[in-house]
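Below you'll find the structure, written out as structure tokens, and then a few comments.
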Amino acid sequence: MGKHEGSDETAPADSVDSTQDSHDQNSHGGGTRTDESRTEQTGADGYPHEEQAVSTISEVLGAPKFWLLPVLLVVVIMSFMAALYMGAIADPERNLHDFPIALSNQDNGGEVPNADGGTDKQNYGDQIAKGIIDEAAKSGIAVHKTDRTTALNELNTGKVYGVVIISPNFTNKAVALGQSAVLQAKPEKLPIDIYINRGSGTFASAITTTFSERVSTQVNKQVGDQLTQSVREQLAKADVPFSGAAQLALSQPVDVQTVEPNPLPEGSGNGLSAFYYTLLLILAGFTGAMMVSIVVDAALGQTPIEFGPFYQLRLRLPISRWGTLAAKWTIMLLIAFIQSALYIGVCTAVGTSLPNAFVLWTYSVLVIFAVGVSAASAMAVFGNPGLILNLVFFVILGLPSSGGTVPLEASPRLFAWIASVEPMHLVYLGVRSILYFDADWDAGLGRAVIQTIIGLIVGGLLGWAGTKFYDHKGWHRFPGGMRLTPRMAKLFDGGSGSLPTITTPAPQHVAGVAGASARKREATAGTHVGSHEREPDDSRSGSG
5 MGKHEGSDET APADSVDSTQ DSHDQNSHGG GTRTDESRTE QTGADGYPHE
55 EQAVSTISEV LGAPKFWLLP VLLVVVIMSF MAALYMGAIA DPERNLHDFP
105 IALSNQDNGG EVPNADGGTD KQNYGDQIAK GIIDEAAKSG IAVHKTDRTT
155 ALNELNTGKV YGVVIISPNF TNKAVALGQS AVLQAKPEKL PIDIYINRGS
205 GTFASAITTT FSERVSTQVN KQVGDQLTQS VREQLAKADV PFSGAAQLAL
255 SQPVDVQTVE PNPLPEGSGN GLSAFYYTLL LILAGFTGAM MVSIVVDAAL
305 GQTPIEFGPF YQLRLRLPIS RWGTLAAKWT IMLLIAFIQS ALYIGVCTAV
355 GTSLPNAFVL WTYSVLVIFA VGVSAASAMA VFGNPGLILN LVFFVILGLP
405 SSGGTVPLEA SPRLFAWIAS VEPMHLVYLG VRSILYFDAD WDAGLGRAVI
455 QTIIGLIVGG LLGWAGTKFY DHKGWHRFPG GMRLTPRMAK LFDGGSGSLP
505 TITTPAPQHV AGVAGASARK REATAGTHVG SHEREPDDSR SGSG
């Protein structure tokens, strides 16, 4: 497999021979007691354990290039995460922009008394609608006019966060209310309904409720002033006093009600269950790919296996980078099927409302596999930096731009741009559609499925092209598989000449691998000779 690193480059032959000779002497009993005593007190390099530890610590602290990089890496990434997370939620009211609300004016207008004793054709509904739109725009809320059917359809597909309905015959009812005040009768308030849908998000519903309260104050003042002025003029002409009760009734003539036409069922977490389920899917793909990579690489002998004090580096199996990545993808597909079913089971057990459970399971499989493939590809192509890239892309950038807690319209505009390329926002739209909008394709599920498939394809192409290119160049996964330039090697060394370069294996490791390979070949050859199946020279064991 390409340019295998041998003892002629990284460990001279006499290093291996001397190690093996020392082992032979000990096995024949020569100086066994002395050697065992020395082994208990010293490390593999012959230095006492305690002195070796102190020496290593002093060397590390004395080489800033060795510890400066991890310190800077952690500090910069965590500060970046703090800026994103806190910046997204610091001041939603100030950051509010383009918050969509629909308005349907069903008023056809009517004849309104004027100061001359006649009537004018007016439409109070249009006047109120204009006032609401203009005032809402000042606070970052985008109110657009449409018909009732379209407005409610937009609400039920998550395209708007609220709907304002001005009732039919609003103008005629307002005129009748004024006349009742003139006749000293009990007036009937004018209805305006504002619909909300908590499935669009808990925080978004809170913003819409606040908007409803402001609309109530605004329209009561607007309509109240008009009616009060009209009634005052009529009573003055009739020389009738304007009673305090009539003035009070006309000061609050409109009854603005906040209505939830489709309440969320129990077990929906007040609209937060979709966000937390989205987080579960992303973590299953992202952290799942990390865990699979650790286990698979260790099983293939490409990284060590460590359990507490136990440390083992298995004999490396002869497998290409592409073959390793394909194995990880296969395991992630199996995990996606199993974990999605377990998620459904756990959510059902704790009482989470899960309508369209099969659709949710199917979409969960797609998301976990897509994220897992992309994350595994990033680690295969970029190596250890791929872990950081995955963390930044899937979690650090994903959470504040998901729209699951604070709507994107209440966060700085930067997060809307991030959400356009981030998988977590798309996954949230898909899960929200399944849980709250009856899996409506137009409620975000269609967009989520299509773009998740695109993400799966892009992630797969990245991993396939990257690993195939590395294999073609002969850059295999073992020390010395790819030689670094002196400057790059010095950078990775940490700037200390006494510290061994990470691109070169220790002589003891080379000797151990060589010895293990020799013993395996001897054992295999002995088995074949004993059974008379094959000549010893024909029995070989690959060492990768």
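Following our numbering, the residues of the sequence shown are numbered contiguously, the last one being 548. Just so you know, even glycine gets a beta-carbon here, dropped at the ideal spot from N, CA and C. Treat the numbers as computed from the prediction; the structure is a model and nothing was measured.
Between the stretch 392-404 and the stretch 288-306, the count of C-beta pairs closer than 8 Å reaches three or more; the two stretches touch. Taking Q126 as reference, the option from A146, I348, E115 and T213 with the minimal CA-CA separation is E115. Shown here, A67 sits in coil according to DSSP, grouped into three states, outside any helix or strand. Take the alpha-carbon of G113 and the one of G144: they are about 29 Å apart. Within the model, the alpha-carbon separation for R202 versus V431 is close to 18 Å. Counted as a single uninterrupted DSSP element, the beta strand (DSSP E) harbouring K125 occupies residues T123 to Q126. Taking C-beta atoms under 8 Å as the contact rule, S108 and I169 qualify, at a distance of about 5 Å. Taking 9 Å as the cut-off, the Cβ atoms of E413 and P74 do not count as close. Closest by C-alpha distance to F362, out of A374, F341 and S378, is F341.
Per DSSP, F398 lies in no alpha helix (DSSP H) and is assigned neither H nor E. Under DSSP, P117 takes part in a beta bridge, and its partners are T123.
Of W421, I136 and P389, the smallest CA-CA separation from E217 is found for I136. Sequence-distant Cβ neighbours of V179 in its own chain, meaning closer than 8 Å and more than five residues away, are G114, E115, V116 and P117.
When DSSP reads this structure, E310 sits in a beta bridge with Y315. Under the three-state reduction of DSSP output, Y199 falls in the strand class.
Sorting L329, Y440 and T352 by C-alpha distance to the C-alpha of G205 places Y440 at the top.
DSSP places F386 in the uninterrupted alpha helix (DSSP H) bounded by A361 to F386.
Residue pairing of G166 in beta bridges, as defined by DSSP: I200.
The residue from Y165, Q110 and R98 with its alpha-carbon nearest to that of P195 is Q110. Closest option to L283, judged by alpha-carbon separation, among S324, S184, F419 and V399: V399. Per the DSSP secondary-structure output, H148 pairs in a beta bridge with A106. Beta-bridge partners assigned by DSSP to V260: I196. With a 10 Å radius around the Cβ and a threshold of 16 neighbouring Cβ atoms, M90 comes out exposed.
Distance from the Cα of I457 is smallest, within the candidate group A106, S406, T366 and V147, for T366. When DSSP states are grouped into helix, strand and coil, T161 belongs to the coil group. Membership of L433 in the alpha helix (DSSP H) is indicated by the continuous run P427 to Y440.
Looking at N360, L65 and G450, the one whose alpha-carbon comes closest to that of L433 is G450.
When secondary structure is reduced to three states using DSSP, G467 falls in the helix class. Rounded to the nearest whole angstrom, the C-alpha separation of L100 and L418 is 12 Å. Beta-carbon to beta-carbon, A106 and L159 are separated by about 7 Å, close enough to satisfy the 8 Å threshold. Secondary structure at H476: helix, using DSSP grouped into helix, strand and coil. Residues S324, R325 and W326 of the same chain have their beta carbon placed closer than 7 Å to that of D475, with the five preceding and five following residues left out of the count. Setting aside the 5 residues that flank it on each side, F311 has no residue in the same chain whose C-beta is closer than 7 Å to its C-beta.
D138 has its alpha-carbon roughly 30 Å from the corresponding atom of P267.
Rounded to the nearest whole angstrom, the C-alpha separation of S272 and Q238 is 54 Å.
Residue state for E270 is assigned as coil, using DSSP reduced to three classes.
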